[in-house]
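Numbered according to the UniProt record's numbering, the sequence shown terminates at residue 459, and the numbering increases by one at each position without gaps.
Note that beta-carbon positions come from the ideal geometry of N, C-alpha and C, so glycine has one too.
Remember, it's a predicted structure, so these values are computed and weren't measured experimentally.
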Amino acid sequence: MAWPRRLGNSLPKGEIDAIVAVIELDIISIAITIISTIITAVSTAAHRHRRSNLGAVIDCNKGKVTFNVDDKEHTVYFPKKIDKKRKMKKFNFGELFQRGTTSTGRPSRTATRLRRSYNEDIIAPSFAPEEDNGAPNASSFPCYDFLTNAGILDDFFTLVNRAGLAAYVGDEREQYYMLTKIFVESFKFHNKQYGPTVAFRIYDNPITMELETFCRALDIAPVGTSRRIDDNPRDLLELYRGITDDDCRTIQRGKIRNIQLPAIKYFAYYIATSILGRENTSNISRYHLAFLNAALTGRTSYHLGSLIARRLSNRGPIFGGTISLRILTHLRLPLDSNDVSLTPRRLGIAAMKSHHFVTTDSTLDNMVYRMLFADGDEKEIPLPQPGLFSIDRQPWSRTKEEVEEHMKIQDFHQQHDSEDAEPSYDYTVTYPGASSSTYPEYDPSSSYYGDTTSWPRWD
Numbered sequence: 001m002a003w004p005r006r007l008g009n010s011l012p013k014g015e016i017d018a019i020v021a022v023i024e025l026d027i028i029s030i031a032i033t034i035i036s037t038i039i040t041a042v043s044t045a046a047h048r049h050r051r052s053n054l055g056a057v058i059d060c061n062k063g064k065v066t067f068n069v070d071d072k073e074h075t076v077y078f079p080k081k082i083d084k085k086r087k088m089k090k091f092n093f094g095e096l097f098q099r100g101t102t103s104t105g106r107p108s109r110t111a112t113r114l115r116r117s118y119n120e121d122i123i124a125p126s127f128a129p130e131e132d133n134g135a136p137n138a139s140s141f142p143c144y145d146f147l148t149n150a151g152i153l154d155d156f157f158t159l160v161n162r163a164g165l166a167a168y169v170g171d172e173r174e175q176y177y178m179l180t181k182i183f184v185e186s187f188k189f190h191n192k193q194y195g196p197t198v199a200f201r202i203y204d205n206p207i208t209m210e211l212e213t214f215c216r217a218l219d220i221a222p223v224g225t226s227r228r229i230d231d232n233p234r235d236l237l238e239l240y241r242g243i244t245d246d247d248c249r250t251i252q253r254g255k256i257r258n259i260q261l262p263a264i265k266y267f268a269y270y271i272a273t274s275i276l277g278r279e280n281t282s283n284i285s286r287y288h289l290a291f292l293n294a295a296l297t298g299r300t301s302y303h304l305g306s307l308i309a310r311r312l313s314n315r316g317p318i319f320g321g322t323i324s325l326r327i328l329t330h331l332r333l334p335l336d337s338n339d340v341s342l343t344p345r346r347l348g349i350a351a352m353k354s355h356h357f358v359t360t361d362s363t364l365d366n367m368v369y370r371m372l373f374a375d376g377d378e379k380e381i382p383l384p385q386p387g388l389f390s391i392d393r394q395p396w397s398r399t400k401e402e403v404e405e406h407m408k409i410q411d412f413h414q415q416h417d418s419e420d421a422e423p424s425y426d427y428t429v430t431y432p433g434a435s436s437s438t439y440p441e442y443d444p445s446s447s448y449y450g451d452t453t454s455w456p457r458w459d
């Protein structure tokens, strides 16, 4: 139907009524119009090849569209009827009725583009069962040179000890390719109400183990609830906001980078690629926060062993080299002589640069920490800063004003310390006709004694 560009009173009453009826259509009637257009298109295509009887009977009161294609009747039903008795909406005739853009049923490119999920269970790339065959990655070890020079070594080990991970963190044995790959790919967690178990393979040996035994092999206390954690539990959400200076995002959209104190942030990066067995070093998850809750408060509200088991049973990049090796040792099974070792990984200066932990020009002797605030601002702070970043000082985050005040006071003290330092004096004295020695020689040739004779020798 060709729409008139302007509607005036000169149009016949019948045409005005037809225009009013079109304006009266709601969503269902528009759908009927689209179907009629499709019928016309099908009819045109059919007549290009052969004769076809095609027609349509639209029954609005019964909420259906009936049409014929090749002598076959087809009916489309709509759940809602069109009410023809509604009063006409008030329109000012003479307005311009013209669409800015043409409507199309094709979905937009944005709508069809794959969107990364923020569910922490599928943050890592998902694989079909037959495609979960990626190369294993070695679990990360702490870098003690980095921790020492950054001034966070003591705080890091305080977190490790509170979470009960001292024995696990101290295990830095070689990890192996096939052992890790087969173990992680075959891992299953069965969280039964009574007696939860894990199942996996060590090379060709299928093994089922109680969750408590699994925890004992990892030297992790089997305490706390093993139930699945809710999406946004109150205690973990409060913890996330407490360590990020009140970042208002939900847990699934939170970032490890938003953690403010460097020792806590380093601990989060460590458990992401060593303990939880997943390469999730961007988004934070409920599992990270459950470990941080134990490390910061010493309370084991959540069963840490079940969290490890849940993450290992997910699809994604393959980690867990230390876990598989500890299980092998616990079961006293032999290592395959044909297995090859994985290249060790440490969370040193290079890794921390990639995580935006320090600036790109930082070195072990000159580290500059990148501190991110909830409003998106970032400040660069030289490390170490024990007075500012100690985890013994709560809350476990700092406001922007607090950081600026601390840096001003530090600059003031450094400036005055340099001014109050004693000046260095040059005690070298140059005598006329003498060499550049510090003191004159006490002999007759010295210009100081002139024509005097030598003093007699003392006996």
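Assigned secondary structure, residue i (DSSP; H/G/I helix, E/B strand, else coil)
{"i": "tyrosine 176", "result": "strand"}
{"i": "lysine 181", "result": "helix"}
{"i": "serine 341", "result": "strand"}
{"i": "tyrosine 266", "result": "helix"}
{"i": "serine 397", "result": "coil"}
{"i": "histidine 406", "result": "helix"}
{"i": "threonine 75", "result": "strand"}
{"i": "asparagine 137", "result": "coil"}
{"i": "threonine 244", "result": "coil"}
{"i": "phenylalanine 189", "result": "strand"}
{"i": "valine 160", "result": "helix"}
{"i": "asparagine 205", "result": "strand"}
{"i": "alanine 374", "result": "coil"}
{"i": "alanine 217", "result": "helix"}
{"i": "valine 198", "result": "strand"}
{"i": "threonine 300", "result": "coil"}
{"i": "asparagine 149", "result": "helix"}
{"i": "threonine 225", "result": "strand"}
{"i": "glutamine 260", "result": "coil"}
{"i": "isoleucine 271", "result": "helix"}
{"i": "isoleucine 308", "result": "helix"}
{"i": "proline 384", "result": "coil"}
{"i": "asparagine 293", "result": "helix"}
{"i": "serine 313", "result": "coil"}
{"i": "threonine 112", "result": "Unreliable positioning characterises threonine 112 in this predicted model, as indicated by a pLDDT of 41, which lies under 50. The coordinate reading is nonetheless provided below. Three-state DSSP puts threonine 112 in a helix."}
{"i": "cysteine 143", "result": "coil"}
Expected contact under 8 Å - CB spacing of residue i and residue j to nearest Å
{"i": "asparagine 370", "j": "cysteine 143", "result": "A quick correction: the sequence has arginine, not asparagine, at residue 370. Their Cβ separation, rounded to whole angstroms, is 17 Å, which puts arginine 370 and cysteine 143 out of contact at 8 Å."}
{"i": "phenylalanine 156", "j": "phenylalanine 267", "result": "6 Å"}
{"i": "phenylalanine 146", "j": "leucine 364", "result": "7 Å"}
{"i": "leucine 159", "j": "alanine 263", "result": "7 Å"}
{"i": "leucine 342", "j": "tyrosine 203", "result": "Wrong, their Cβ atoms sit about 16 Å apart, outside the cutoff."}
Rounded straight-line distance, which links the Cα of residue j to that of residue i
{"i": "aspartate 339", "j": "histidine 406", "result": "53 Å"}
{"i": "leucine 312", "j": "glycine 320", "result": "8 Å"}
{"i": "isoleucine 256", "j": "threonine 75", "result": "56 Å"}
{"i": "aspartate 246", "j": "arginine 234", "result": "14 Å"}
{"i": "glycine 376", "j": "arginine 249", "result": "13 Å"}
{"i": "proline 136", "j": "glutamate 172", "result": "17 Å"}
{"i": "threonine 322", "j": "glutamate 212", "result": "18 Å"}
{"i": "isoleucine 391", "j": "leucine 383", "result": "15 Å"}
{"i": "serine 397", "j": "histidine 356", "result": "18 Å"}
{"i": "aspartate 336", "j": "glutamate 238", "result": "46 Å"}
{"i": "phenylalanine 373", "j": "glycine 195", "result": "44 Å"}
{"i": "glutamate 185", "j": "isoleucine 318", "result": "8 Å"}
{"i": "lysine 265", "j": "proline 386", "result": "15 Å"}
{"i": "arginine 241", "j": "arginine 227", "result": "23 Å"}
{"i": "tyrosine 208", "j": "phenylalanine 200", "result": "The sequence shown places threonine at residue 208, rather than the tyrosine named in the question. Computed Cα separation, rounded: 7 Å."}
{"i": "alanine 272", "j": "arginine 286", "result": "12 Å"}
{"i": "tyrosine 269", "j": "lysine 408", "result": "30 Å"}
{"i": "glycine 316", "j": "histidine 413", "result": "51 Å"}
{"i": "glutamate 378", "j": "lysine 400", "result": "9 Å"}
{"i": "serine 353", "j": "aspartate 411", "result": "Note that residue 353 is lysine in the sequence shown here, rather than serine. Each residue's Cα considered, the two are about 26 Å apart."}
{"i": "isoleucine 259", "j": "leucine 218", "result": "27 Å"}
{"i": "glutamate 120", "j": "arginine 310", "result": "With a pLDDT of 37 at glutamate 120, under the threshold of 50, the modelled position of that residue is not reliable, and the figure given next carries that caveat. The alpha-carbon atoms of glutamate 120 and arginine 310 are separated by roughly 11 Å."}
Environment of residue i [buried if 16+ CB atoms lie within 10 Å]
{"i": "serine 362", "result": "buried"}
{"i": "proline 206", "result": "exposed"}
{"i": "glycine 170", "result": "exposed"}
{"i": "serine 306", "result": "buried"}
{"i": "proline 222", "result": "buried"}
{"i": "lysine 181", "result": "buried"}
{"i": "arginine 326", "result": "buried"}
{"i": "threonine 300", "result": "buried"}
{"i": "glutamine 193", "result": "exposed"}
{"i": "glutamine 175", "result": "buried"}
{"i": "glycine 277", "result": "buried"}
{"i": "threonine 430", "result": "Any reading at threonine 430 needs caution, since the residue's pLDDT is 47, under 50, leaving its predicted position unreliable; the model's value is listed next. Threonine 430 comes out exposed."}
Just to confirm the assignment: which complete beta strand (DSSP E) runs, minimum length 3, are found wholly within the stretch 321 to 372? Listed in chain order, they are 345 to 347 and 368 to 372.
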